[in-house]
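What follows is a set of notes on a single structure, which appears directly below.
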Amino acid sequence: MAAKPTTQDSFLSRLLHNQILIPLAALLLLAVFNLIADPSFFKISLGHNSNGDPVLSGYLITIIDYGSELAILAIGMTLVTAASGGQDISVGATIAISGSVLLRVLCGTDTRPEVLHSPIIVAFLVSLLAAMLCGAFNGALVAFFKIQPMVATLILFTAGRSIAAWVNNNELPMITEARFSYFGGYIPGIPIPTPFFIAILVFIATWALLKFTNLGLYVQSVGINEKTARLNGLNPEIIKLGTYVLLGVCVAVAGLIKVSRLSTINYSVIAKDIEMDAILAVALGGNALSGGKFNMSTSVLGAYVIQFLTTTLYKFDVQSDALSAYKAVVVIILVVISAPTVREKTSAFFRKLRTPDGAAKRG
Amino acid sequence: MNVKKVLSIAASSLLIAAMSAGCSSSNGSSSESTNNNSNESSSAAPASTDKLIKVGIINNDPNESGYRTANDKDLKAAFTKENGYDASFAYSLKNDEQITHAQKFIQDEVDYLLLSAADTAGWDSVLKDAQAAGVEVILFDRTIDADESLYAASIVSDMAKEGQTAVDWLKSQDLPSYDIIHLQGVMGSAAQKGRSGALDDTAKELGWNIVTQQTAEWNAEKAQQIVQSAIDSGKEFNVIYAENDDMAKGAVAALDKANISHGVGKDVVVMGFDCNKWALEELLAQNWNYDGQCNPFQSSYIKDIIDTLESGGTVANKTIIMDEKGFDASTITQEDVDNFGI
Chain A
1499 MAAKPTTQDS FLSRLLHNQI LIPLAALLLL AVFNLIADPS FFKISLGHNS
1549 NGDPVLSGYL ITIIDYGSEL AILAIGMTLV TAASGGQDIS VGATIAISGS
1599 VLLRVLCGTD TRPEVLHSPI IVAFLVSLLA AMLCGAFNGA LVAFFKIQPM
1649 VATLILFTAG RSIAAWVNNN ELPMITEARF SYFGGYIPGI PIPTPFFIAI
1699 LVFIATWALL KFTNLGLYVQ SVGINEKTAR LNGLNPEIIK LGTYVLLGVC
1749 VAVAGLIKVS RLSTINYSVI AKDIEMDAIL AVALGGNALS GGKFNMSTSV
1799 LGAYVIQFLT TTLYKFDVQS DALSAYKAVV VIILVVISAP TVREKTSAFF
1849 RKLRTPDGAA KRG
Chain B
69 MNVKKVLSIA ASSLLIAAMS AGCSSSNGSS SESTNNNSNE SSSAAPASTD
119 KLIKVGIINN DPNESGYRTA NDKDLKAAFT KENGYDASFA YSLKNDEQIT
169 HAQKFIQDEV DYLLLSAADT AGWDSVLKDA QAAGVEVILF DRTIDADESL
219 YAASIVSDMA KEGQTAVDWL KSQDLPSYDI IHLQGVMGSA AQKGRSGALD
269 DTAKELGWNI VTQQTAEWNA EKAQQIVQSA IDSGKEFNVI YAENDDMAKG
319 AVAALDKANI SHGVGKDVVV MGFDCNKWAL EELLAQNWNY DGQCNPFQSS
369 YIKDIIDTLE SGGTVANKTI IMDEKGFDAS TITQEDVDNF GI
């Protein structure tokens, strides 16, 4: 009997201190809200698209579909945040660059090619290289020149979309090849949207990389204390640079999905404001934006929660230019919860709640 | 103490001197460079005895949309040295940056200032400066809130007319019912106001049902999500009224995913604006039904005005509205696509 409350306490406190609590609570809140407002939100039906291929449809499918680019970016953003204690705000602009490069290689100088000028995989590898270069540029500024990440990435944030337009000579190429639309749509015969599979693939690959190379541990130690990491034989500069290059890989994958969705690009609006959502996903995942310990899976969950919120707001016909205001509310709540003074107060409050109870029992 | 004070004063005065020197030297260099430019241009065209007409053009970012790209191309092709112009271009989507560019052009003593303002407000003092410096201002594409006496002419699209043409076309289709998804542009922009206004008025008058009215901010991705949401919630609709081609494209992508047929004689009528070439091709393939033009080719109108002013004439009517068409998928021809696609 006496042991029971203590296990409960420790379970409760473990849950309270677990990172996954925040995104899970947000997800639960949204799910319950939708369940009460309109249970048909959770309905999934099997239909066909206009090519006659089977597709699943429903709000939940829409969420895992459109949330995937954000989830992929959140993976890279978590690592960058953990290692450098700052965020890359140029991801939207670099998506424009890598997407533009992708189309440039596929189309050549012809804006509406009948046949693709090169295989999709080659074009993707070139765009991957471009995105990794952008990442390396950001990473070098942060790691070697010790510029604050937000300031360093401000350069590409400002210039990226112009560079993207310049890559394609200001033309807006368009691809008619059906195979190219698979990445942002459906592979014939598989009724689940491809972006979701890609997101899972990227997650597993990154997880494996961190697990089997100790990179996760290195990133964490650099983020917690650079000097100690150096004394322990790590090279903080290289590790920081590495995380930015890795984010570049995520950007290229997200860019492929984005461009594939409509088989075209619009430099000024593609992936607009996605950097803010990616940073929000990291914060919602309970990761400290000042670096150090991190959890990739909670960030991914955070990304889908943000899409859940967006889709819910669309469902209730909230004006889409007001969406950012709702996200701002989430940010405010997060900031308040994670503020040290609030944390101290709440834990003190819980202790107070428990002590008289425990004292009474002991007495 | 005293020595310190003197030293600090000396140091700060030195700083100020250096700063002002920096300013003046940069001014000097900029005026020098413009001088060089004019020298170059005169040496480049030594045959023409006429002085080149100096034009400063302030436009929005050409990457903003296909419309802007076509607009910029048209202006660049028209105001060349061969045609007797010395043109400088400046781009910004922000009003304050545009104002700075305008002030610089006035300092550079351009003859004409061509302006497509990002925002309608805040231009009075700059235009007064221009008037004092003898610079003629011609507005194109966008109007501003300023007294008519401050500019020579304003060449604009009548967005309300564009919207009305489109809505009249929709009315003439005589659909059994009208259930409309309305995708709006960035709220408050002239194009959005005009095109939304026409639909709102007619919908109210004739009892059309507007199923969803949302701004997708000219963005195809957002439009796709909005239409997806309407489909997911099982809303019935038979018209997509998108205020530009990009949003119509996003909407159509969502329709394709849900196997909803669209185009001539199909379930959903698709309407777009701006007449991008690819959009007109969709019309030609009968996948869309209607596309309204927003004429980006203003240079010929501007040239006419400059010619009038150069020959000492005055512009009688300051607001010039351009001719604009609307294309129907059942009557459009390849020739139309080639001539009017942007």
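Line order of the protein sequences matches chains A and B. Under the working numbering, the first residue of the first sequence carries the number 1499, and numbering increases by one thereafter. Under the working numbering, the first residue of the second sequence carries the number 69, and numbering increases by one thereafter. We treat Cβ as the ideally placed atom computed from N, Cα and C, and that holds for glycine. Predicted model, so just to flag it, every value in this text is computed and none were measured.
For a contact meaning CB atoms closer than 7 Å, what does GLY1597 (chain A) contact in chain B? Here residue 1597 (chain A) refers to the residue found at position 99 of the first sequence. Simply none; closest approach about 12 Å.
Tell me whether PHE208 (chain B) sits in a helix, a strand or coil according to DSSP, three-state version. Locating residue 208 (chain B) in the second sequence gives position 140, counting from the first residue. Three-state DSSP puts PHE208 (chain B) in a strand.
Beta-carbon separation of VAL1589 (chain A) and GLU1773 (chain A) under 8 Å? The count along the first sequence starts at 1 and reaches residue 1589 (chain A) at position 91. The count along the first sequence starts at 1 and reaches residue 1773 (chain A) at position 275. GLU1773 (chain A) is positioned such that its CB atom lies closer than 8 Å to that of VAL1589 (chain A).
If you measure beta-carbon to beta-carbon, which residues of the stretch 127 to 150 of chain B are closer than 8 Å to chain A? Within the stretch 127 to 150 of chain B, the qualifying residues are ASP129, PRO130, ASN131, GLU132, SER133, GLY134 and THR137.
Between the beta-carbon of GLY1633 (chain A) and the beta-carbon of VAL1743 (chain A), is there less than 8 Å? Counting from 1 along the first sequence, the entry for residue 1633 (chain A) is found at position 135. Counting from 1 along the first sequence, the entry for residue 1743 (chain A) is found at position 245. With a cutoff of 8 Å on beta-carbon distance, GLY1633 (chain A) and VAL1743 (chain A) are scored as near each other.
For PHE1655 (chain A), which residues of its own chain have a beta-carbon under 8 Å away from its beta-carbon, when the five flanking residues on both sides are left out? Your numbering for residue 1655 (chain A) matches position 157 in the first sequence. The residues are ILE1587, SER1588, GLY1590, ALA1591 and GLU1773.
Please list, in chain order, all residues of the same chain as PRO9 (chain B) whose beta carbon is under 7 Å from its beta carbon, the five residues on each side excluded. Missing from the structure shown is residue 9 (chain B); chain B here goes from 69 to 410 and no further.
Coil, strand or helix - MET1672 (chain A) by DSSP: Here residue 1672 (chain A) refers to the residue found at position 174 of the first sequence. If DSSP states are grouped into helix, strand and coil, MET1672 (chain A) belongs with the strands.
Reference VAL383 (chain B); option with closest CA among B:LYS393, B:ILE370 and B:ASP236: Against the second sequence, residue 383 (chain B) aligns to sequence position 315. That would be B:ILE370, whose Cα lies nearest to the Cα of VAL383 (chain B).
Between LYS386 (chain B) and chain A, is there a C-beta pair that is closer than 8 Å? For the purposes of this step, residue 386 (chain B) is identified with residue 318 of the second sequence, where counting begins at 1. Taking Cβ atoms only, chain A never reaches closer than 8 Å to LYS386 (chain B), which makes this a no.
Could you spell out the range, first to last residue, of the alpha helix (DSSP H) harbouring LYS122 (chain B)? Locating residue 122 (chain B) in the second sequence gives position 54, counting from the first residue. Where LYS122 (chain B) is concerned, there is no enclosing alpha helix (DSSP H), although the beta strand (DSSP E) it sits in stretches over 121 to 127.
Sort B:ASP359, B:ILE278 and B:ASP300 by Cα distance to LYS317 (chain B) and report the nearest one. As a first step, residue 317 (chain B) must be located in the second sequence, where it is residue number 249. When only C-alpha atoms are compared, the closest one is B:ASP359.
Cβ atoms of ILE126 (chain B) and GLN166 (chain B): under 8 Å apart, would you say? Translated into the one-based positions of the second sequence, residue 166 (chain B) becomes position 98. Translated into the one-based positions of the second sequence, residue 126 (chain B) becomes position 58. Remark: C-beta atoms of GLN166 (chain B) and ILE126 (chain B) approach each other more closely than 8 Å.
Terminal residues of the continuous beta strand (DSSP E) containing GLY1740 (chain A)? In the first sequence, the residue the question calls residue 1740 (chain A) occupies position 242. Run containing GLY1740 (chain A): none in the beta strand (DSSP E); it sits in the alpha helix (DSSP H), 1734 to 1760.
Spatial distance of LYS1813 (chain A) from VAL338 (chain B) (CA atoms): Here residue 1813 (chain A) is taken as the residue at index 315 of the first sequence, counted from 1. Here residue 338 (chain B) is taken as the residue at index 270 of the second sequence, counted from 1. Just so you know, the alpha carbons of LYS1813 (chain A) and VAL338 (chain B) end up roughly 22 Å apart.
Cβ-heavy atom distance, VAL1767 (chain A) to the ligand MN, below 7 Å: Ligands displayed in this structure: none; no statement on the ligand MN is therefore possible.
Can you round the beta-carbon distance between SER1660 (chain A) and ASN287 (chain B) to whole angstroms, since I take them to be within the 8 Å contact cut? By one-based count along the first sequence, residue 1660 (chain A) stands at place 162. By one-based count along the second sequence, residue 287 (chain B) stands at place 219. By a beta-carbon distance limit of 8 Å, SER1660 (chain A) does not contact ASN287 (chain B). Their separation comes to about 18 Å.
Interface partners of ALA186 (chain B) on chain A, CB under 8 Å: Sequence index remark: in the second sequence, residue 186 (chain B) carries index 118 (1-based). Within chain A, no C-beta atom comes nearer than 8 Å to that of ALA186 (chain B); the closest sits roughly 13 Å away.
Please check if any C-beta of chain B sits within less than 8 Å of the C-beta of GLY1658 (chain A). Counting from 1 along the first sequence, the entry for residue 1658 (chain A) is found at position 160. Among the CB atoms of chain B, none fall inside 8 Å of the CB of GLY1658 (chain A).
Can you tell me whether ALA89 (chain B) is helix, strand or coil according to DSSP? What you label residue 89 (chain B) is simply residue 21 of the second sequence in a count that begins at 1. Low confidence applies here, because ALA89 (chain B) scores a pLDDT of 47, under 50, leaving its location unreliable; read the following figure in that light. Note: ALA89 (chain B) maps to helix in three-state DSSP.
As a quick exercise: from B:GLU204, B:ILE388 and B:VAL320, pick the residue whose alpha carbon is nearest that of ALA310 (chain B). The count along the second sequence starts at 1 and reaches residue 310 (chain B) at position 242. ALA310 (chain B) has its Cα closest to that of B:VAL320, out of B:GLU204, B:ILE388 and B:VAL320.
Identity of the residues DSSP links to VAL307 (chain B) by a beta bridge: The residue given as residue 307 (chain B) occupies position 239 in the second sequence. Note: VAL307 (chain B) sits in a beta bridge opposite B:ILE248 and B:VAL337.
Please classify PHE1681 (chain A): is it buried, with 16 or more other beta-carbons within 10 angstroms of its beta-carbon, or exposed? Position 183 of the first sequence, counting from 1, holds the residue named residue 1681 (chain A). It is buried - the Cβ of PHE1681 (chain A) has at least 16 other Cβ atoms within 10 Å.
Between which two residues does the beta strand (DSSP E) holding HIS1546 (chain A) run? Residue numbering aside, residue 1546 (chain A) sits at position 48 when the first sequence is read from its first letter. 1543 to 1546 is the extent of the beta strand (DSSP E) around HIS1546 (chain A).
How should LEU1851 (chain A) be labelled, buried or exposed, when 16 other C-beta atoms within 10 angstroms of its C-beta is the threshold for buried? To locate residue 1851 (chain A), count along the first sequence from 1; it is residue 353. By the C-beta density criterion, LEU1851 (chain A) is exposed, having fewer than 16 other C-beta atoms within 10 angstroms.
Out of curiosity, what's the CA-to-CA distance linking GLU392 (chain B) and SER225 (chain B)? Translated into positions along the second sequence, residue 392 (chain B) becomes position 324. Translated into positions along the second sequence, residue 225 (chain B) becomes position 157. Going from the Cα of GLU392 (chain B) to the Cα of SER225 (chain B) covers about 8 Å.
Which residues in chain A sit within 7 Å of ASP324 (chain B), going by Cβ to Cβ distance? Mapped onto the second sequence, residue 324 (chain B) falls at position 256. The answer, in chain order, is ASN1547 and SER1548.
Could you tell me the alpha carbon to alpha carbon distance between ALA322 (chain B) and SER329 (chain B), rounded to whole angstroms? The residue you call residue 322 (chain B) lines up with position 254 of the second sequence. The residue you call residue 329 (chain B) lines up with position 261 of the second sequence. When rounded, the distance between both Cα atoms is 11 Å.
Best match in A:ALA1569, A:GLY1597 and A:GLY1721 for proximity to LEU1760 (chain A) [C-alpha to C-alpha]: As a working note, residue 1760 (chain A) is residue 262 in the first sequence. Looking at the Cα atoms, A:GLY1597 is the closest of the given residues.
Taking C-beta pairs closer than 7 Å, name the residues in chain A that GLY318 (chain B) reaches, listed in chain order. Stepping through the second sequence from its first residue, residue 318 (chain B) is reached at position 250. Near GLY318 (chain B) (Cβ distances below 7 Å), the residues of chain A are LEU1760.
Suppose the cutoff is 6 Å on Cβ atoms and the five residues either side in sequence are ignored; what does the same chain contact list for ASP192 (chain B) look like? Here residue 192 (chain B) corresponds to residue number 124 of the second sequence, with the count starting at 1. So the list reads ALA214, once near-sequence residues are dropped.
Pick out whichever of B:VAL205, B:VAL279, B:GLY381 and B:LEU182 has its Cα sitting closest to the Cα of ASP1815 (chain A). To locate residue 1815 (chain A), count along the first sequence from 1; it is residue 317. Looking at the Cα atoms, B:VAL279 is the closest of the given residues.
What residue range does the beta strand (DSSP E) around GLY1682 (chain A) cover? Residue numbering aside, residue 1682 (chain A) sits at position 184 when the first sequence is read from its first letter. No beta strand (DSSP E) holds GLY1682 (chain A); DSSP gives it neither H nor E.
Could you tell me whether the Cβ of ASP1815 (chain A) comes closer than 8 Å to any Cβ of chain B? Position 317 of the first sequence, counting from 1, holds the residue named residue 1815 (chain A). Taking Cβ atoms only, chain B reaches closer than 8 Å to ASP1815 (chain A), which makes this a yes.
Rounding to the nearest angstrom, what Cα-Cα distance links ILE121 (chain B) and PHE208 (chain B) in this structure? Here the question's residue 121 (chain B) lines up with position 53 in the second sequence. Here the question's residue 208 (chain B) lines up with position 140 in the second sequence. Near 18 Å, if we compare the C-alpha coordinates of PHE208 (chain B) and ILE121 (chain B).
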